[in-house]
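These notes concern the structure reproduced below.
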Amino acid sequence: MRAYGRTAPMQSFELDHAIPIALGGATSTANLWPQERQAFMRADAKDQLENHLHDLVCSSRESLSDAQQEIATDWIAAYCKARLSKCASGVHPNSEPGGGKVQQGSG
184 MRAYGRTAPM QSFELDHAIP IALGGATSTA NLWPQERQAF MRADAKDQLE NHLHDLVCSS
244 RESLSDAQQE IATDWIAAYC KARLSKCASG VHPNSEPGGG KVQQGSG
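Take any residue in the sequence shown, count from 1 to its spot, add 183: that is its number in this note's numbering.
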């Protein structure tokens, strides 16, 4: 985890694909990153977004390249844009008051 600049114990993280394989992400280690298990927007939230984007791509409501860009650039913002369960209002709970800007924390 040191290579990623993370100092918490290894068991606090899981390795996740930055761009999910279901959205054409590579199986190489270059596509892996540490995702904190105890963060508010943790692995289950990202999994929910991955499934949502996969459904959009498969139903031709979003292009594969757009879905890949969204999840790779700022998956928390993409999650809130989709108004998924932890962000049903479309604004991340940790955003600036009135600003609507998603705060990048652990993800």
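Ideal placement from N, C-alpha and C gives every residue a C-beta, glycine not left out.
(request) Assign S197 to one of three DSSP states: helix, strand, or coil. (result) Taking the sequence shown and counting its residues from 1, the one referred to as residue 197 is at position 14. In the sequence under discussion, the amino acid at residue 197 is Glu, which differs from the Ser named in the question. Looking at E197 - three-state DSSP - the assignment turns out to be strand.
(request) Whole angstroms is fine: what's the gap from L232's alpha carbon to E219's? (result) Residue mapping note: residue 232 aligns to position 49 of the sequence shown, counting from 1. Residue mapping note: residue 219 aligns to position 36 of the sequence shown, counting from 1. In a straight line, the C-alpha of L232 is about 16 Å away from that of E219.
(message) Rounding to the nearest angstrom, what Cα-Cα distance links K264 and D199 in this structure?
(response) In the sequence shown, the residue the question calls residue 264 occupies position 81. In the sequence shown, the residue the question calls residue 199 occupies position 16. The alpha-carbon atoms of K264 and D199 are separated by roughly 21 Å.
(message) Would A228 and Y262 be called neighbours here (beta carbons separated by less than 9 Å)?
(response) Taking the sequence shown and counting its residues from 1, one reaches residue 228 at position 45. Taking the sequence shown and counting its residues from 1, one reaches residue 262 at position 79. Yes, the pair counts as a contact, with Cβ atoms nearer than the cut-off.
(message) Which of the three DSSP states is assigned to E219 in this structure?
(response) Position 36 of the sequence shown, counting from 1, holds the residue named residue 219. Residue state, collapsed to three classes: strand.
(message) Mapping the DSSP letters down to three states, classify A226 as helix, strand or coil.
(response) Working through the sequence shown from its first residue, we reach residue 226 at position 43. Helix.
(message) Please report the distance separating the alpha-carbon of R266 from that of E253.
(response) As a position in the sequence shown, residue 266 is number 83, starting the count at 1. As a position in the sequence shown, residue 253 is number 70, starting the count at 1. Their Cα atoms are separated by approximately 14 Å.
(message) Mapping the DSSP letters down to three states, classify A260 as helix, strand or coil.
(response) Walking along the sequence shown from the start, residue 260 turns up at place 77. Reduced to three states, the DSSP call for A260 is helix.
(message) Cutting at 7 Å between CB atoms, please list the residues of its own chain near G207, excluding the five before and the five after it.
(response) Position 24 of the sequence shown, counting from 1, holds the residue named residue 207. Closer than 7 Å at Cβ, skipping near neighbours: L247, Q251.
(message) Can you tell me whether A260 is buried or exposed? The criterion is at least 16 other CB atoms within 10 Å of its CB, across all chains shown.
(response) Taking the first residue of the sequence shown as position 1, residue 260 is located at position 77. Burial call: buried.
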